[in-house]
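K.L.:
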Amino acid sequence: MAELSYRDAVAYGIAQEMRRDPNLVMLGEDIAAAGGVFKTTVGLLDEFGPRRIRDTPISEQAILGAAMGAAMTGIPVIAEIMFSDFLAVCFDIVANEMAKSRYMTGGQMTVPVVVRTANGGGSRFGAQHSQSVENWCMMIPGLKVVAPSNSRDVVGLMAASIRDPDPVVFFEHKSLLATKGEVPEGEIVDELGKATVVREGTDCTIVALALMVPRALAAAERLAGEGISAEVIDLRTLVPLDTQTVLASVAKTNRLYTVEENPRLCGWGAEVASIVGDEAFWDLDGPLVRITTPHIPLPAAEALEDMAIPSVDRIHETITKTLD
Amino acid sequence: MAELSYRDAVAYGIAQEMRRDPNLVMLGEDIAAAGGVFKTTVGLLDEFGPRRIRDTPISEQAILGAAMGAAMTGIPVIAEIMFSDFLAVCFDIVANEMAKSRYMTGGQMTVPVVVRTANGGGSRFGAQHSQSVENWCMMIPGLKVVAPSNSRDVVGLMAASIRDPDPVVFFEHKSLLATKGEVPEGEIVDELGKATVVREGTDCTIVALALMVPRALAAAERLAGEGISAEVIDLRTLVPLDTQTVLASVAKTNRLYTVEENPRLCGWGAEVASIVGDEAFWDLDGPLVRITTPHIPLPAAEALEDMAIPSVDRIHETITKTLD
Amino acid sequence: MSTEAFEPELMDYSRRQPRLPEPVIEGNDALDIPLDERMEMYRLQQELRQFEKRAYDLFMQNLVKGTSHLSLGMEAVATGFGRALRPDDYSFATYRGHAHTLARGAPMGPVMAELLGRSNGILGGKGGSMHLASVEHGMMGSYAIIGAHLCIANGAGWSAQLRGTEQVAVVFFGDGTTNIGAFHEALNFAKIWELPVVFVCENNLYMEYTPIDLVTAVEHPAADRATAYGLEPILVDGNDADAVYDVAQGVIETARRGEGPSLVEAVTYRHGGHSRADPGKYRPPGEVEAWLDRDPIITYHQRLLRLGVPEGDLTRIAQDVARRVDEATEFAKAGPVPDEGDLMTDMWADGGSAWRN
Amino acid sequence: MSTEAFEPELMDYSRRQPRLPEPVIEGNDALDIPLDERMEMYRLQQELRQFEKRAYDLFMQNLVKGTSHLSLGMEAVATGFGRALRPDDYSFATYRGHAHTLARGAPMGPVMAELLGRSNGILGGKGGSMHLASVEHGMMGSYAIIGAHLCIANGAGWSAQLRGTEQVAVVFFGDGTTNIGAFHEALNFAKIWELPVVFVCENNLYMEYTPIDLVTAVEHPAADRATAYGLEPILVDGNDADAVYDVAQGVIETARRGEGPSLVEAVTYRHGGHSRADPGKYRPPGEVEAWLDRDPIITYHQRLLRLGVPEGDLTRIAQDVARRVDEATEFAKAGPVPDEGDLMTDMWADGGSAWRN
Ligand SMILES: Cc1ncc(C[n+]2csc(CCOP(=O)(O)OP(=O)(O)O)c2C)c(N)n1
Ligand SMILES: Cc1ncc(C[n+]2csc(CCOP(=O)(O)OP(=O)(O)O)c2C)c(N)n1
Ligand SMILES: [Mg+2]
Ligand SMILES: [Mg+2]
């Protein structure tokens, strides 16, 4: 059992898989010699060499195209897109190519690509370097979507993503990079599509993801002090979506809250709330409540950004106000 | 009152606005001499000349960049992106630039661009030319989203979109192009953010958009024959979203169905269902039900495509099965 | 250029000067290509031509739905490259990919069945005309959104480089495609990694309905840009299968030896419209006719006669192909329409499409 | 190139050969630029330098959050172009946009306040360092995702062309940006429409931490690609404000006369790291030092002395600028932090952000 930062867990998880599969390669901007602009790939060039860990030009379409083409022809690839906002410059390859090629060809293509990308706010980087864009990918049929909240899950879900034969978009949260967590010794491999109940409770269910998980837990802690027992679920992967864990929890607590970092409209919270509102309607004792960033671009100033992204205070306050 | 096809209504609506505003220009691939690959811009080159109606190379980023830059500096622009699937090749400009520039600059920029694009399935064009991607835009703060279901609305909403000082994505449905409808004489200008109750009813509310509107109406007709009174709402615009009309309807009918063409996850139906599940929870007499295309890329074969997109049969059947 | 575009009368593209073909290069008779290879190229061009003519007839009978983009008149490019590739090489095509798919050896029946949306189609009906692929023949797909596949082809080249297999990836695209961003990214990337990729621009003078010269800053959309990627400009007569074959052998060999990518511009012309919906009215009078005279199959036929091949041999090949096209048509028409069971398969590698538990 | 990249030791970029600057071109002393213009350029370079040094100090004091990209060492480019523009011309910059914003006359105080996230910031704190804009000064924004703004600048040029105002749009971008698709689309588009746009590549030899030559198929990432867009290659010493000014005047005049776009590559160097977080360790020994010797301000100072300007005049300018930077700092520090009321404003032109009724 070692304590690892979320940042270090990224390289640790990749290294675990690169040792296992000598075919696995990685490419991206400034990932090799520099160890990545977030220092999430430090040490990989040294261990695996320049053939397997390669720097690229600023050509995101070329990066993901190369990843996809190599994957289709037998080489599994990890591709880094430095900030998740930049998925927009290569969205055609993400949404129209990788995601669809298998279906379109009647199953002829297999595309084992993991697109790793730094996601989310809290770094005061402004509207073009802070977005939470899990929903950009969740809404595209043919993509799997993963977003770990802690160091151990980074390793386990990285392994699962790399071993998955389908394209996976793997969101590393910028504001979690410095957080530390225990990572057990030995190989860690999770399964995609398994949420975790990170805190048990009976009065309401809070479903969260990535940076929102520690915030939901802190809010639940505070609620506990006030006699409210909140169950907190870390979704971990959006596709596949572990609806059973959510539905089972709501069957017990009878109330659903989702806590999302993406802007208001059409986020995963809307999807989860809608599923619950359909399949667990008769379990519900009150409204389906989503807590999200407002539907605005993220502002740069510290004060403004902190108001925008759901905080422990806002989660706590929303629940106390709406739970009876 | 003239009868116009939805296709002809596009050019008719654009012409109305080009006559009013001599600054308004339009650009896109094959829109000028050829009148557009869907023949939605026929006649505009003749009337307004090559300075205002211009063909471009296959350079969608250049097209939308030019539109945005001109709009920022005083020239309102209509830009055509031939198929809405191609928004992916210029998604950075759509999602990260146009949508955010006003907010990021503290209100310094105004971007009066209308991005017109052919959306939706039913033409057997396969997975890369058939998508319904309203949600790609709805989820982006800073974009307005419009999707008319009939000829008259094409004209009225086109005028509203063009006159709106903010970026608007205007979805023209490929499978509605040949449909005809009455268009009143004289200037028609609608307001964005107003849904229409296209059929009144008391037993359930069906919320639909674009091609799904006639299908929802046909299903309601069939339901009426079976003694079920369905109210049908044509949303017309997704942003701004007319939640009041939806909430008022659900307050009356106590049941919500959404009928969407986009694939299952994170569509506008999830957003509408979630809003209702939050704000009208106590009005509801039963589950929130979404009828969508399954979460798959659209297949090309006629038989498969018809199974995928919500049909009158499927809408009818889902409602009869779930409404008690 | 821009000034010209602003001349109202020139916006009616059919009133511009026609762009006429260069004369046939009879000297190419002397290219060092064995006669039996030439006979194979004749056969292949016949296959592509007759297959697509049949496909066209089937559209007219409303048996093919959706859209379809034929390469009638452009067969020499698919032929010259198709014949120069090794069976384990990779091809990538656009929506205009029937010829490139067949040229790799994909069977006509399943390809035809795909156009008809049948479950015995080569993609089970899921992809249709614009997405033909046959991985077992090295045909790695047809891509219907301009640009992406140039980048994807790089990946196949990279993979070959990593695996040390000396496979080559060839990617076909149109003149209009040279103006999209992905073209630029792909070429630069291929060169800096010295990938075994051959980029083939089929310059048929038009994007959809717009003449390429009106929207391109250089005369030769691909060749005039080669130096921007550290590459040699290579222009070839795209209506002469021998010329194409000769160039193809060279650039493929270069790639195979690990000496990096090439960019080839093959000038050609499509006889018909851009797609099913297009009557091609934007083309100035005389232009189509001039290119019909330069039909790659007619001129190849003439070359073979000049080289002493008896007319009867050629007729027999054409007849044999016709019979095979008939068989393919029967195979396709006999195919069942896909059913509910097919809809939800093959999104994921496990064969299904479940996104939840 | 690729082979080199595969040499493990060369993957440690700090072990590569340093890329040294060309010597100062003393002949540029003789360029036909009035002395008072040169004094203005001296002042402007001092402003850019001293402002950014102060910004750096404020980061170190943790008063600036987030990230920030300085152009210390690159001031001559912003200066030469900034001074050559007409007040109603348009500029477009990247995230490395402090200098370009100030060079258009945006006031230092509000720019500094923006870096500090204050509500008296030039964007009200909403944009931050990477998104500086001042529409009233023709500074049309700083764009933090590589590529897009080249396309957007075309639009400003198109608008000027349509309105017949003879305004010109100048767009600044880095060497690394020449490898993204939008670069290609923008250049071709500008040329075919003969837009009044000047594309200025500030080639500082690195993208973030990767040397540009390792990822680019040509030696001069912009100039060697000009012909691919029907343009002349133009290379200029980006560390000499006079040289830049001279070239700028020419290309801006060309654009203003309606003779279309230009592409200029100005070779320069950033003294510091890419951004706040970067110590710049990937640079070979001797490289930074050599470029520090070629500091554009020091060499410009020397030129002015050679031209007979008394040292005291230059000192007074520097001191005056220092005072104004102090004032700007005070202005910024005194600014209030934005509050709840500011969060939901200015998404739409109506001033608000409502997406529903
Ligand atoms: C990104 C994108 N933009 C536009 C289109 C629509 N489109 C399909 S084919 C075509 C013309 C392509 O021209 P070219 O590259 O010359 O190929 P050709 O069709 O002549 O073979 C266009 C504009 C598309 N498929 N993808
Ligand atoms: C599309 C995109 N990819 C990657 C980045 C991350 N990034 C920011 S600056 C930069 C390097 C840019 O290099 P260059 O164009 O030379 O400009 P410089 O920073 O040297 O001024 C990179 C890769 C980005 N902002 N946008
Ligand atoms: Mg073409
Ligand atoms: Mg640089």
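Protein chains in written order, with the working numbering: chain L, 16 to 339; chain H, 16 to 339; chain V, 33 to 389; chain Y, 33 to 389.
Where a beta carbon is used, it is the ideal one built from N, C-alpha and C, also for glycine.
Just so it is clear, the structure is predicted and the values come from calculations on it, not from any experiment.
For residue 174(Y), tell me which candidate among 149(Y), 221(Y) and 204(Y) has the shortest Cα-Cα distance.
P.N.:
The residue given as residue 174(Y) occupies position 142 in the fourth sequence. Checked all of 149(Y), 221(Y) and 204(Y); the closest Cα to residue 174(Y) is 204(Y).
K.L.:
For residue 200(Y), collect the residues of the same chain with a Cβ closer than 8 Å to its Cβ; drop the 5 residues on either side in sequence, then sort them by chain order.
P.N.:
Residue mapping note: residue 200(Y) aligns to position 168 of the fourth sequence, counting from 1. For residue 200(Y), where only same-chain residues beyond five positions count, the Cβ hits under 8 Å are 117, 118, 121, 122, 189, 192, 228, 229, 230, 284, 287 and 288.
K.L.:
According to DSSP, is residue 295(L) part of a helix, a strand, or is it coil?
P.N.:
For the purposes of this step, residue 295(L) is taken as the residue at position 280 of the first sequence. Three-state result, residue 295(L): coil.
K.L.:
Going by beta carbon distance, what residues of the same chain come within less than 8 Å of residue 374(V), once the five residues before and after it are set aside?
P.N.:
Residue mapping note: residue 374(V) aligns to position 342 of the third sequence, counting from 1. 151, 156, 157 and 158.
K.L.:
Could you give the first and the last residue of the continuous alpha helix (DSSP H) run that contains residue 35(L)?
P.N.:
Against the first sequence, residue 35(L) aligns to sequence position 20. Element bounds for residue 35(L): 21-35.
K.L.:
Whole angstroms are fine: how far does the CA of residue 243(V) sit from the CA of residue 44(V)?
P.N.:
As a first step, residue 44(V) must be located in the third sequence, where it is residue number 12. As a first step, residue 243(V) must be located in the third sequence, where it is residue number 211. Taking the straight line from one Cα to the other gives about 11 Å.
K.L.:
Please state whether DSSP places residue 159(L) in a helix, a strand or coil.
P.N.:
Sequence index remark: in the first sequence, residue 159(L) carries index 144 (1-based). Strand, per DSSP.
K.L.:
Checking the sheet assignment: what are the DSSP bridge partners for residue 271(H)?
P.N.:
Your numbering for residue 271(H) matches position 256 in the second sequence. Bridge partners of residue 271(H): 220(H).
K.L.:
Tell me, to the nearest whole angstrom, how far the beta carbon of residue 258(L) is from that of residue 278(L); I am working on the premise that it is less than 8 Å.
P.N.:
For this step, residue 258(L) is matched to residue 243 along the first sequence. For this step, residue 278(L) is matched to residue 263 along the first sequence. No, residue 258(L) and residue 278(L) are not in contact; Cβ-Cβ is about 23 Å, not under 8 Å.
K.L.:
Out of 266(H), 261(H) and 267(H), which has the shortest C-alpha to C-alpha gap to residue 273(H)?
P.N.:
The residue given as residue 273(H) occupies position 258 in the second sequence. Checking every option, the nearest Cα to that of residue 273(H) belongs to 261(H).
K.L.:
When you get a sec, list the residues whose CB is within less than 6 Å of any heavy atom of ligand 3, chain order please.
P.N.:
Ordered along the chain, the selected set is 206(V), 207(V), 208(V), 236(V), 238(V) and 239(V).
K.L.:
Looking at chain V, which residues of the region 241-254 of chain L have a Cβ within less than 7 Å of any of its Cβ atoms?
P.N.:
Within the region 241-254 of chain L, the residues whose Cβ lies closer than 7 Å to some Cβ of chain V are 254, listed in chain order.
K.L.:
Could you tell me the alpha carbon to alpha carbon distance between residue 34(Y) and residue 225(L), rounded to whole angstroms?
P.N.:
Counted from its first residue, the fourth sequence places residue 34(Y) at position 2. Counted from its first residue, the first sequence places residue 225(L) at position 210. Below a pLDDT of 50, predicted positions are generally treated as unreliable, and residue 34(Y), at 42, falls in that range; the measurement from the model is reported next regardless. When rounded, the distance between both Cα atoms is 38 Å.
K.L.:
Flag residue 178(Y) as yes when its Cβ comes closer than 7 Å to any non-hydrogen atom of ligand 4, and as no otherwise.
P.N.:
Translated into the one-based positions of the fourth sequence, residue 178(Y) becomes position 146. No.
K.L.:
Under a Cβ-count criterion, where at least 16 other Cβ atoms within 10 Å of its own Cβ denotes burial, should residue 344(Y) be classed as buried or exposed?
P.N.:
Numbered from its first residue, the fourth sequence carries residue 344(Y) at position 312. Its Cβ having fewer than 16 others within 10 Å, residue 344(Y) is exposed.
K.L.:
In whole angstroms, what separates the C-alpha of residue 89(Y) from that of residue 147(Y)?
P.N.:
The residue given as residue 89(Y) occupies position 57 in the fourth sequence. The residue given as residue 147(Y) occupies position 115 in the fourth sequence. Answer to the nearest angstrom: the Cα atoms are 12 Å apart.
K.L.:
Kindly say whether residue 250(V), judged by its beta-carbon, lies nearer than 8 Å to any beta-carbon of chain Y.
P.N.:
As a first step, residue 250(V) must be located in the third sequence, where it is residue number 218. True, the Cβ-Cβ gap to chain Y drops below 8 Å.
K.L.:
Hey, is the region 292-305 of chain H in contact with the region 237-248 of chain H, meaning 3+ C-beta pairs nearer than 8 Å?
P.N.:
No: the two stretches stay apart, fewer than three of their Cβ pairs being nearer than 8 Å.
K.L.:
Could you tell me whether any non-hydrogen atom of ligand 4 is closer than 7 Å to the CB of residue 244(Y)?
P.N.:
Numbered from its first residue, the fourth sequence carries residue 244(Y) at position 212. Within the cutoff, so yes.
K.L.:
Would the C-beta of residue 359(Y) count as close to ligand 2, meaning under 7 Å from any of its heavy atoms?
P.N.:
As a position in the fourth sequence, residue 359(Y) is number 327, starting the count at 1. Incorrect: residue 359(Y) has no Cβ contact closer than 7 Å to ligand 2.
K.L.:
Throw me the rounded Cβ distance for the residue 65(L) and residue 47(L) pair, which I believe falls under 8 Å.
P.N.:
As a first step, residue 65(L) must be located in the first sequence, where it is residue number 50. As a first step, residue 47(L) must be located in the first sequence, where it is residue number 32. Contact flag correct, Cβ pair sits at about 6 Å.
K.L.:
Residue 193(L): buried (16+ other C-beta within 10 angstroms of its C-beta) or exposed?
P.N.:
As a position in the first sequence, residue 193(L) is number 178, starting the count at 1. Label assigned to residue 193(L): exposed.
K.L.:
Using beta-carbon positions only, say whether residue 247(V) and residue 271(V) come within less than 8 Å of one another.
P.N.:
If you number the third sequence from 1, residue 247(V) lands on position 215. If you number the third sequence from 1, residue 271(V) lands on position 239. No, the Cβ-Cβ distance between residue 247(V) and residue 271(V) is not below 8 Å.
K.L.:
Please determine whether the Cβ atom of residue 53(H) lies at a distance below 7 Å from any heavy atom of ligand 1.
P.N.:
Counted from its first residue, the second sequence places residue 53(H) at position 38. No; taking the cut-off as 7 Å, the Cβ of residue 53(H) has no heavy atom of ligand 1 nearer than that.
K.L.:
Please list the segments of the beta strand (DSSP E) lying wholly inside the region 36-66 of chain H, counting only runs of 3 or more residues, in order along the chain.
P.N.:
As far as the region 36-66 of chain H is concerned, its whole beta strand (DSSP E) runs of at least 3 residues are 40-43.
K.L.:
Using a Cβ-Cβ cut-off of less than 8 Å, give me the residues of the region 306-326 of chain H that come near chain V, in sequence order.
P.N.:
Per Cβ criterion, the list reads 309, 310, 311, 312, 314, 315, 316, 317, 318, 319, 322 and 323.
K.L.:
Are any of the Cβ atoms in chain H nearer than 8 Å to that of residue 280(L)?
P.N.:
Taking the first residue of the first sequence as 1, we reach residue 280(L) at position 265. So, interface residue.
K.L.:
Contact criterion: CB-CB distance below 8 Å. Does residue 302(V) meet it with respect to chain Y?
P.N.:
The residue labelled residue 302(V) in the question sits at position 270 within the third sequence. Closer than 8 Å: no.
K.L.:
Report back the beta-carbon spacing between residue 12(L) and residue 57(L) to the nearest angstrom; my notes put them in contact at under 8 Å.
P.N.:
Given that chain L is displayed from residue 16 to residue 339, the structure contains no residue 12(L) and the question cannot be resolved.
K.L.:
Mind pulling the chain Y residues with CB within less than 9 Å of residue 152(V)?
P.N.:
In the third sequence, counting from the first residue as 1, residue 152(V) sits at position 120. The premise fails here: residue 152(V) is roughly 39 Å from chain Y at the closest Cβ pair, so nothing lies under 9 Å.
K.L.:
Residue 257(L) versus chain V: which residues are under 8 Å apart at the beta carbon?
P.N.:
Counting from 1 along the first sequence, the entry for residue 257(L) is found at position 242. Per Cβ cutoff of 8 Å: 388 and 389.
K.L.:
Within the continuous beta strand (DSSP E) that includes residue 186(H), where are the two ends?
P.N.:
Taking the second sequence and counting its residues from 1, one reaches residue 186(H) at position 171. Note, residue 186(H): beta strand (DSSP E), 183-188.
K.L.:
Rounded to a whole number of angstroms, what is the C-alpha to C-alpha distance between residue 22(H) and residue 138(H)?
P.N.:
Translated into the one-based positions of the second sequence, residue 22(H) becomes position 7. Translated into the one-based positions of the second sequence, residue 138(H) becomes position 123. One C-alpha to the other measures close to 15 Å.
K.L.:
Using a Cβ-based criterion (distance less than 7 Å to any ligand heavy atom), does residue 63(L) qualify as near ligand 2?
P.N.:
As a working mapping, residue 63(L) is identified with position 48 in the first sequence. No - ligand 2 has no heavy atom lying nearer than 7 Å to the Cβ of residue 63(L).
K.L.:
Decide if the region 304-312 of chain V is in contact with the region 89-105 of chain V; the criterion is three or more beta carbon pairs, one per stretch, under 8 Å apart.
P.N.:
Touching, yes.
K.L.:
Whose C-beta lies closer than 8 Å to the C-beta of residue 333(L) among residues of the same chain, with five residues either side of it excluded?
P.N.:
As a working mapping, residue 333(L) is identified with position 318 in the first sequence. Closer than 8 Å at Cβ, skipping near neighbours: 272, 304 and 306.
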